[in-house]
Amino acid sequence: MKRINLLKKLENYPVFTNKTVRDITGKGHNYTKLLIHRLKKEGLVHEIEKNKYGMHKDSLLVASNLIWPSYLSCWTALRFHNLTEQIPTGIFVITTRSKKKRRLKFENTDITFIKINKKYFFGYKKEIYAGFTIFIAEPEKALIDSALFKKISFSELFDILKNNKEKINTNILISYLLKTRKKSLIKRFGFALDELGLDCFSKFSKFIDNKYLLLDYALIKTGNKDEKWKVIKNFKY
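Read left to right, the sequence shown gives residues 0 to 236 (numbering that gives the first Met the number 0).
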């Protein structure tokens, strides 16, 4: 196969491996290994990590295709859905698989892989991005993931909720919170929704125990106690 034809075919893959090249060319492992080495040397393809290569330099596109199953979340998804004006400093990839290297740098962007329990692996959808399909968290699940893995302070999440009432589906948010069955998430988001005018206590009441927790896990332990939601209000809103 002519090199130009191979490169045109490889452009259809955000990320490819030696096997991809073998399947396209019909050649053996050693041949394609040498071929990829030459293409790298000429700057026609780049190595992302061991046996992962690409021709595209869009870090979001690459990150969404490095491991399967996976989806993008936290700051990455919130910015994608225009729920924040803050430009993320890195990309967060949620996956159920273990990855030896949990962080890599691509095009000066840190890509962080977060292993998640299968019971939390939901709330994402397909989107078309740069002509390819990617999987990314829905706005409501991006908020939950951000709190679950403490990638964004809860005071910032509270502001995102407050400033994007028309974009966030509170019914979906409530159903996803109930699906997690995680008390800390339910207490914090229940309090936030309550403060924003949505009384959802009856839906969450069975998850509210008598143990108080900090409303914002990223701030110091100080503030008044909220007896209804059993949180310590340690930031102003």
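Each residue gets a CB set at the ideal place from its N, CA and C atoms; glycine is no exception. Computed from a prediction, not measured in an experiment: that's the story for all the values here.
Tell me the DSSP secondary structure of Val61 in three-state form. Translated into positions along the sequence shown, residue 61 becomes position 62. Shown here, Val61 sits in a helix according to DSSP, grouped into three states.
Contact defined as beta carbons within less than 8 Å: I believe Leu214 pairs with Phe190. What is the distance between those atoms, to the nearest angstrom? For the purposes of this step, residue 214 is identified with residue 215 of the sequence shown, where counting begins at 1. For the purposes of this step, residue 190 is identified with residue 191 of the sequence shown, where counting begins at 1. Yes, they are in contact, since the Cβ atoms of Leu214 and Phe190 sit about 6 Å apart, within 8 Å.
Of the choices Leu218, Ile167, Gly122, Glu126, whose alpha-carbon is the least far from that of Leu195? Position 196 of the sequence shown, counted from the start, is the residue given in the question as residue 195. Among Leu218, Ile167, Gly122, Glu126, the Cα nearest to that of Leu195 is on Ile167.
According to DSSP, is Thr108 helix, strand or coil? Here residue 108 refers to the residue found at position 109 when the sequence shown is read from its first residue. DSSP places Thr108 in strand when its eight states are reduced to three.
Cα-Cα separation between Glu126 and Ser154, rounded to whole angstroms: Position 127 of the sequence shown, counted from the first residue, corresponds to residue 126. Position 155 of the sequence shown, counted from the first residue, corresponds to residue 154. A straight line joining the alpha-carbon of Glu126 with that of Ser154 spans about 28 Å.
Burial state of Ala129 (16 or more Cβ within 10 Å): On the sequence shown, residue 129 is found 130 positions in, with the first residue counted as 1. Sixteen is the threshold: since fewer than 16 other Cβ atoms of the shown chains lie within 10 Å of the Cβ of Ala129, the residue is exposed.
Helix, strand or coil for His36, going by three-state DSSP, please let me know. Here residue 36 refers to the residue found at position 37 when the sequence shown is read from its first residue. Three-state result, His36: helix.
In three-state DSSP terms, what is His45? For this step, residue 45 is matched to residue 46 along the sequence shown. Residue state, collapsed to three classes: strand.
Reducing DSSP to helix, strand and coil, say where Thr24 ends up. Walking along the sequence shown from the start, residue 24 turns up at place 25. In the displayed model, Thr24 falls within a helix according to three-state DSSP.
Consult DSSP for Asp225 and reduce its assignment to one of helix, strand or coil. Reading the sequence shown from its first residue, position 226 is the one you call residue 225. In the structure shown, Asp225 sits in a strand (DSSP, three-state: E or B).
Beta-carbon proximity of Tyr216 to Lys114, cut-off 7 Å: Here residue 216 is taken as the residue at index 217 of the sequence shown, counted from 1. Here residue 114 is taken as the residue at index 115 of the sequence shown, counted from 1. A distance of 7 Å or more separates the beta carbons of Tyr216 and Lys114.
Assigned secondary structure, Gly189 (DSSP; H/G/I helix, E/B strand, else coil): For this step, residue 189 is matched to residue 190 along the sequence shown. Reduced to three states, the DSSP call for Gly189 is helix.
How should Trp67 be labelled, buried or exposed, when 16 other C-beta atoms within 10 angstroms of its C-beta is the threshold for buried? Start at 1 with the first residue of the sequence shown, and residue 67 comes out as number 68. Classification for Trp67: exposed.
Own chain, CB closer than 6 Å to Cys73, minus 5 neighbours either side, in chain order: Looking up residue 73 in the sequence shown gives position 74. Shown here for Cys73: same chain residues with a beta carbon closer than 6 Å to its own, the five before and five after excluded, namely Phe91, Asp144, Ser145, Lys150 in chain order.
Mind reading off the beta-carbon distance from Val61 to Phe105? Whole number of angstroms is fine, and I expect it under 8 Å. For the purposes of this step, residue 61 is taken as the residue at position 62 of the sequence shown. For the purposes of this step, residue 105 is taken as the residue at position 106 of the sequence shown. With a beta-carbon spacing of about 6 Å, Val61 and Phe105 fall inside the 8 Å limit used to define contacts.
Which residue's Cα is closest to the Cα of Lys186: Ile219, Ile135, Asn170, Lys232? Residue numbering aside, residue 186 sits at position 187 when the sequence shown is read from its first letter. Comparing alpha carbon positions, the residue from Ile219, Ile135, Asn170, Lys232 closest to Lys186 is Lys232.
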